[in-house]
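S.K.:
Protein chains: 2
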Amino acid sequence: MDNGARRGRPTLATVAASAGVSVATVSKVLNGRSDVAADTRARVQDVLQQHQYVAPAPRRAEGHGTPTVELVFDYGLHAYTGEVVQGVLDAAVELGVTITVSSGPRRDRVQPTPESPSAWARRIAAAGRRAVVAITGELTATHLAALDRAKVPVVVIDPLNPQLARLTSVGATNFAGGMTAGEHLLALGHRRIGYAGGTPTAACNQARVGGLRAALEAQGLPLPPEYVTAALFDYGSGFEGGAQLLDLPEPPTAIFAGSDEVALGVIEAARVRGMRVPQDLSVMGFDDTQLARMASPPLTTIRQPLSEMGAVALRTALRLAAGETIDSHHVELATRLVVRGSTAAPAG
Amino acid sequence: MDNGARRGRPTLATVAASAGVSVATVSKVLNGRSDVAADTRARVQDVLQQHQYVAPAPRRAEGHGTPTVELVFDYGLHAYTGEVVQGVLDAAVELGVTITVSSGPRRDRVQPTPESPSAWARRIAAAGRRAVVAITGELTATHLAALDRAKVPVVVIDPLNPQLARLTSVGATNFAGGMTAGEHLLALGHRRIGYAGGTPTAACNQARVGGLRAALEAQGLPLPPEYVTAALFDYGSGFEGGAQLLDLPEPPTAIFAGSDEVALGVIEAARVRGMRVPQDLSVMGFDDTQLARMASPPLTTIRQPLSEMGAVALRTALRLAAGETIDSHHVELATRLVVRGSTAAPAG
DNA sequence: TCTACATTTCGAAAAGTTTCGATGTTCGGT
DNA sequence: ACCGAACATCGAAACTTTTCGAAATGTAGA
């Protein structure tokens, strides 16, 4: 019980004795509690300084809790996004990290001025996020650069924008998937095959059309420009693109859509024209989201391993955050054909 | 120095005595230190659970960062869940809180033993979460009690389990919605109307059937038991329930489904029987998720304001966290009819 | 002035965490 | 068989934080 500094670090007890207060009071001063009188607080702080008291353990070590990764999706929570998020969450449980979600840089009606890319990046870094995983993000190069400056690694899933240099990303074998789709439809006997596309500037869309074209050309068949529509990856685009294709003087007998959601739009365009799927028109999707199972008829589609992509993205992001170097800045997971009820041999 | 549990909260000392180890060891188990043997750890964790130990104070307290709310969904990320999440996120931006997501108490393949409710609650509290928002949760009463002990307020969206006492929740006017659906179908001229249901024990499902029945009985029409099926709120249940109803000797001319996803299953069941919707069968959904727009034909459905429900839940949770008292422990937002293409007058 | 009640300040005791040494245990090497 | 280094396990004691009640102080009304 010698209150004197024995050896080594000063403790609360030595400070308390020196200041003439109890250990509890010193503790309270250290932790900024309110129930200490101003002069007492000042005196204790003086003594703390004299004794050069330092906190013992890595107490208030920042980044204390479990590591946290920010998950960003700009385009709302569609079926596609949902499956990726699920994969990220599953992987997060395994890896013991927590996931916070946000809809990208703030630009809501409430804020008068949209948040600047650098402010956004600073906010993420200040919150102690280890990394960012972005889904099909339209994060601009500015956003990515700002995160880079803030030393927060990013992994983008299936980037819409063409491959930026030094961007880490996870995708699927879109070209091979497009080819598989083409081959499936060709094998059924189709010769006039159209493509109802998504965003034409998106790398994944270009690869999917490219795959389809390659499959057709391998059979000596063309993919005429009027057989390819382009808009967005959503239902409305499918409806309009499908209408455009079906109203052609010589319409295709099969339509490969850029996504499941687009495919549903195509099916509806066919239905309002009194055409039955698959008897009068074969339709294929891409993604194999839950929509594909639940469509009427259920969709034949190209499966992307969306939840695995999410998991891979998270693992990659954490490896980047740990300072490890990545072998490849872009990995592609394999796609595969899933045959359901929306494709059949052409009529007649 | 009676180590026995005097009264009030159990302490480390009581747990230690009960487990036959020192206080220090119990502390180490709680903090996940490595220098505890596996069997000792298991034994201590057992006793912790028995005594329902909870951490005393918000140790690794928040204070600095932005407040954080944990969003829990057990049933995977469906269309329904997705829309609610979107609403929560939008509100979160406005309120300046961050949202972390998880799939409820851990019970993955990796962990040998599923996480106990109290351990889960402790983890949430220790992470400094201000509140929990649970979606259609199958959080048991045990989970809720554990959160309560840990002083973390919870708001449940559309609880499946019947109203537990003192549970704060947000829902929709399911009974009125069911009635509106019935009235819509009656107005079209339908007399034989079936219900393809979701989880029969769920309060919302019961209210929806009840509303339909009320509408029918107001016209002096019955809702015979064989016209009501029940299973889950998913596609498969809709397919099977639809099949069951359509294979009846005198099948209904219209089917009201417990959710949009169920409705899609019903539509598929009709399609494989060569029936067209809405010419041969009218189908209604419930929820008005994105599925409804994208179905073929687009679904007539009862709209639940899902994203508003998410927003309300978050605001309520934060108010509880701030210690304010809530006027009502259960609020219901209004539903409304959305007419699309899946309903029409009965044939003949 | 005195009483009743609220507020502030403080510390003893209780509760929880970490350090560090005591006590095995395992596994080569001799 | 014996030694010893390396490791694993555990608890006593040291240290810090929090709770709760006591004491001091203030405040208003009788």
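Going line by line, the protein sequences match chains S and W. Using the working numbering, the first residue of the first sequence is number 1486, and each one after it goes up by one. Using the working numbering, the first residue of the second sequence is number 1486, and each one after it goes up by one. Beta carbons: idealized from backbone N, C-alpha and C, even for Gly. A quick note: this is a predicted structure, and the numbers were derived from the prediction, not measured.
1. Check the Cβ of residue 1586(S) against every Cβ in chain W and list those closer than 7 Å, keeping chain order.
2. Please report how far the alpha carbon of residue 1667(W) lies from the alpha carbon of residue 1503(W), in whole angstroms.
3. If you compare alpha carbons, which of 1758(W), 1655(W), 1748(W) is closest to residue 1688(W)?
4. Which class does residue 1656(S) belong to by DSSP, given the choice of helix, strand or coil?
5. Indicate whether residue 1741(W) and residue 1670(W) have their beta-carbon atoms separated by less than 8 Å.
6. Taking only beta carbons into account, state which residues of the segment 1723 to 1745 of chain W come closer than 8 Å to chain S, listed in chain order.
7. Check whether the segment 1820 to 1829 of chain W and the segment 1803 to 1812 of chain W touch, using three or more Cβ-Cβ pairs below 8 Å as the test.
8. Which same chain residues end up closer than 8 Å to residue 1708(W) when comparing Cβ atoms and leaving out the 5 residues on each side of it in sequence?
9. Chain W partners of residue 1823(S), CB-CB under 8 Å?
10. Name the chain W residues whose beta carbon is nearer than 7 Å to that of residue 1720(S)?
11. Using 8 Å as the threshold, is the C-beta distance between residue 1675(S) and residue 1767(S) below it?
12. Pull the bridge partners of residue 1741(S) from the DSSP assignment, please.
13. For residue 1835(S) and chain W, any beta-carbon pair shorter than 8 Å?
14. With three or more beta-carbon pairs closer than 8 Å as the criterion, would you say the segment 1756 to 1774 of chain S touches the segment 1784 to 1795 of chain S?
15. Measuring alpha carbon to alpha carbon, tell me which residue in 1764(W), 1755(W), 1587(W), 1535(W) is nearest residue 1759(S).
16. Below 7 Å CB to CB, which residues in the same chain sit around residue 1736(S) once its five sequence neighbours on both sides are set aside?
17. DSSP three-state label for residue 1811(S), please.
18. Is there a Cβ from chain W that is less than 8 Å from the Cβ of residue 1535(S)?
19. Can you tell which of 1799(S), 1653(S), 1781(S), 1793(S) has the C-alpha that lies nearest to the C-alpha of residue 1828(S)?
20. Run through DSSP, which three-state label would residue 1735(S) get?
21. For residue 1812(S), is the classification buried or exposed, using 16 other Cβ atoms within 10 angstroms of its Cβ as the cut-off for buried?
22. What residues from chain S crowd round residue 1837(W), counting only those whose CB sits closer than 8 Å?
23. Mind checking which residues open and close the beta strand (DSSP E) that includes residue 1586(W)?
24. Once you ignore the five residues that flank residue 1724(S) on each side, which residues in its own chain have a CB closer than 7 Å to its CB?
25. Work out the CA separation of residue 1606(S) and residue 1573(S) for me, nearest whole Å.
26. So, residue 1722(W) versus residue 1728(W), is the Cβ gap smaller than 8 Å?
27. Just mark residue 1505(W) as buried or exposed, buried being the case when its beta carbon has 16 or more other beta carbons within 10 Å.
28. For residue 1616(W), which residues does DSSP report across the bridge?
29. Mind checking whether the beta-carbon of residue 1703(W) lies closer than 7 Å to any heavy atom of the ligand SAM?
M.R.: In brief:
1. The residue you call residue 1586(S) lines up with position 101 of the first sequence. The answer, in chain order, is 1574, 1584, 1586.
2. Indexing the second sequence from 1 puts residue 1667(W) at position 182. Indexing the second sequence from 1 puts residue 1503(W) at position 18. Rounded to whole angstroms, residue 1667(W) and residue 1503(W) show a C-alpha spacing of 60 Å.
3. Along the second sequence, read from residue 1 onward, the residue named residue 1688(W) stands at position 203. Taking only the C-alpha atoms, the option nearest residue 1688(W) is 1655(W).
4. Residue mapping note: residue 1656(S) aligns to position 171 of the first sequence, counting from 1. DSSP places residue 1656(S) in the strand class (E or B) of the three-state scheme.
5. By 1-based counting over the second sequence, the position of residue 1741(W) is 256. By 1-based counting over the second sequence, the position of residue 1670(W) is 185. Yes; because the gap between Cβ atoms is below 8 Å, this pair is in contact.
6. For the segment 1723 to 1745 of chain W, the set of positions with a beta-carbon nearer than 8 Å to some beta-carbon of chain S is empty.
7. Touching, no, given that fewer than three Cβ pairs across the two stretches are closer than 8 Å.
8. As a first step, residue 1708(W) must be located in the second sequence, where it is residue number 223. So the list reads 1678, 1680, 1694, 1697, 1698, 1701, 1702, once near-sequence residues are dropped.
9. Here residue 1823(S) is taken as the residue at index 338 of the first sequence, counted from 1. The premise fails here: residue 1823(S) is roughly 16 Å from chain W at the closest Cβ pair, so nothing lies under 8 Å.
10. Within the first sequence, the letter at position 235 stands for residue 1720(S). Here the neighbours are 1778, 1779.
11. Taking the first sequence and counting its residues from 1, the one referred to as residue 1675(S) is at position 190. Taking the first sequence and counting its residues from 1, the one referred to as residue 1767(S) is at position 282. Less than 8 Å divides the Cβ of residue 1675(S) from the Cβ of residue 1767(S).
12. Translated into positions along the first sequence, residue 1741(S) becomes position 256. The partner list for residue 1741(S) (beta bridge, DSSP) reads 1680(S), 1769(S).
13. In this structure chain S extends from 1486 to 1833, so residue 1835(S) is not present and cannot be described.
14. The segment 1756 to 1774 of chain S vs the segment 1784 to 1795 of chain S: in contact.
15. The residue given as residue 1759(S) occupies position 274 in the first sequence. Answer by Cα proximity: 1764(W).
16. In the first sequence, residue 1736(S) corresponds to position 251, counting from 1. Closer than 7 Å at Cβ, skipping near neighbours: 1730.
17. Walking along the first sequence from the start, residue 1811(S) turns up at place 326. It is coil, neither helix nor strand.
18. What you label residue 1535(S) is simply residue 50 of the first sequence in a count that begins at 1. Not a single CB atom of chain W sits nearer than 8 Å to the CB of residue 1535(S).
19. For the purposes of this step, residue 1828(S) is identified with residue 343 of the first sequence, where counting begins at 1. Of the candidates 1799(S), 1653(S), 1781(S), 1793(S), the one whose C-alpha sits nearest the C-alpha of residue 1828(S) is 1781(S).
20. Position 250 of the first sequence, counted from the start, is the residue given in the question as residue 1735(S). Residue 1735(S): coil per DSSP, three-state reduction.
21. As a position in the first sequence, residue 1812(S) is number 327, starting the count at 1. Exposed.
22. Residue 1837(W) lies beyond the stretch modelled for chain W, which goes from 1486 to 1833, so this question has no answer here.
23. The sequence position of residue 1586(W) within the second sequence is 101, counting from 1. In the DSSP annotation of this structure, the continuous segment of the beta strand (DSSP E) that includes residue 1586(W) starts and ends at 1583 to 1587.
24. What you label residue 1724(S) is simply residue 239 of the first sequence in a count that begins at 1. Closer than 7 Å at the Cβ level, and outside the excluded window around residue 1724(S), lie 1750, 1753, 1754.
25. By one-based count along the first sequence, residue 1573(S) stands at place 88. By one-based count along the first sequence, residue 1606(S) stands at place 121. The straight-line gap separating the alpha-carbon atoms of residue 1573(S) and residue 1606(S) is approximately 21 Å.
26. By one-based count along the second sequence, residue 1722(W) stands at place 237. By one-based count along the second sequence, residue 1728(W) stands at place 243. No.
27. Numbered from 1 along the second sequence, position 20 holds the residue referred to as residue 1505(W). Residue 1505(W) comes out exposed.
28. For the purposes of this step, residue 1616(W) is taken as the residue at position 131 of the second sequence. The partner list for residue 1616(W) (beta bridge, DSSP) reads 1554(W).
29. Within the structure as shown, the ligand SAM is missing, as the structure has no ligands at all.
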